[in-house]
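Undergrad: Its first residue numbered 9, the sequence shown is counted upward by one per residue in the working numbering.
Glycine included, each C-beta is placed from N, C-alpha and C at the ideal position.
Note that the structure is predicted; figures quoted are calculated from it, not measured.
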Amino acid sequence: MKQLLVLALLAAAPASAEGTLGGKTVDCYCTDSHGSRVELGENICLTVGGRSFTAQCQMSLNVPMWREVRPNCLSSSLRPLQSPLPPASAPAASG
Numbered sequence: 009m010k011q012l013l014v015l016a017l018l019a020a021a022p023a024s025a026e027g028t029l030g031g032k033t034v035d036c037y038c039t040d041s042h043g044s045r046v047e048l049g050e051n052i053c054l055t056v057g058g059r060s061f062t063a064q065c066q067m068s069l070n071v072p073m074w075r076e077v078r079p080n081c082l083s084s085s086l087r088p089l090q091s092p093l094p095p096a097s098a099p100a101a102s103g
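#1: Which whole-angstrom value is the C-beta distance of Cys36 and Pro72, which I expect to be below 8 Å?
#2: Below 7 Å CB to CB, which residues in the same chain sit around Met67 once its five sequence neighbours on both sides are set aside?
#3: From this set, Leu69, Arg45 and Ser41, which residue's C-alpha is nearest Gly57's C-alpha?
#4: May I ask which residues mark the beginning and end of the beta strand (DSSP E) holding Gln90?
#5: Which one or two residues does DSSP pair with Leu54 in a beta bridge?
#6: Identify whether Val71 lies in helix, strand or coil by the three-state DSSP scheme.
#7: Are there 16 or more other CB atoms within 10 angstroms of the CB of Ala96, so buried, or fewer, so exposed?
#8: Kindly list the residues whose CB is nearer than 8 Å to the CB of Trp74, restricted to its own chain and excluding five residues on each side of it in sequence; keep chain order.
#9: Tell me which residue opens and which closes the beta strand (DSSP E) that Val34 is part of.
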């Protein structure tokens with residue numbers, strides 16, 4: 009019984025030490041191309057080698073890294089219409 013208790017305590021020790029270094033919590037985050045901090049789980053538009061894509065800050069093997077989640081970036085800019093819309097006509101009166 010004592011051996012099981014010792015094994016359980018030894019197995020729990022590494023799990024409780026995760027994310028700490030010398031008793032201090034280690035903040036994990038990514039940085040963008042300007043050096044600004046980006047939290048884990050956040051999505052941003054990255055441009056690498058002339059190609060833009062949406063990437064998410066994730067952990068891989070205890071290292072923060074960028075993972076592509078969409079091939080393009082979302083944009084809030086409006087593009088002009090290819091052809092103008094026809095004018096709206098008044099609905100026909102029924103009666």
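TA: Checking against the coordinates, here is how it stands:
#1: Along the sequence shown, one-based indexing puts residue 36 at 28. Along the sequence shown, one-based indexing puts residue 72 at 64. At roughly 5 Å, the Cβ-Cβ gap stays under 8 Å, so Cys36 and Pro72 are in contact.
#2: Translated into positions along the sequence shown, residue 67 becomes position 59. Answer for Met67: Cys36 and Leu48, listed in chain order.
#3: Taking the first residue of the sequence shown as 1, we reach residue 57 at position 49. Ranking Leu69, Arg45 and Ser41 by Cα distance to Gly57 puts Ser41 first.
#4: Counted from its first residue, the sequence shown places residue 90 at position 82. Careful: Gln90 lies outside any beta strand (DSSP E) and carries neither H nor E.
#5: For this step, residue 54 is matched to residue 46 along the sequence shown. In the DSSP assignment, the residues bridged to Leu54 are Phe61.
#6: Within the sequence shown, residue 71 is the residue found at index 63, counting from 1. Reduced to three states, the DSSP call for Val71 is strand.
#7: Start at 1 with the first residue of the sequence shown, and residue 96 comes out as number 88. Ala96 comes out exposed.
#8: Position 66 of the sequence shown, counted from the first residue, corresponds to residue 74. Listed in chain order, the non-local C-beta contacts of Trp74 below 8 Å within the same chain comprise Cys38, Leu54, Ala63, Gln64, Cys65 and Gln66, local neighbours out to five positions each way being set aside.
#9: The residue you call residue 34 lines up with position 26 of the sequence shown. Premise fails: Val34 is in no beta strand (DSSP E) and is neither H nor E.
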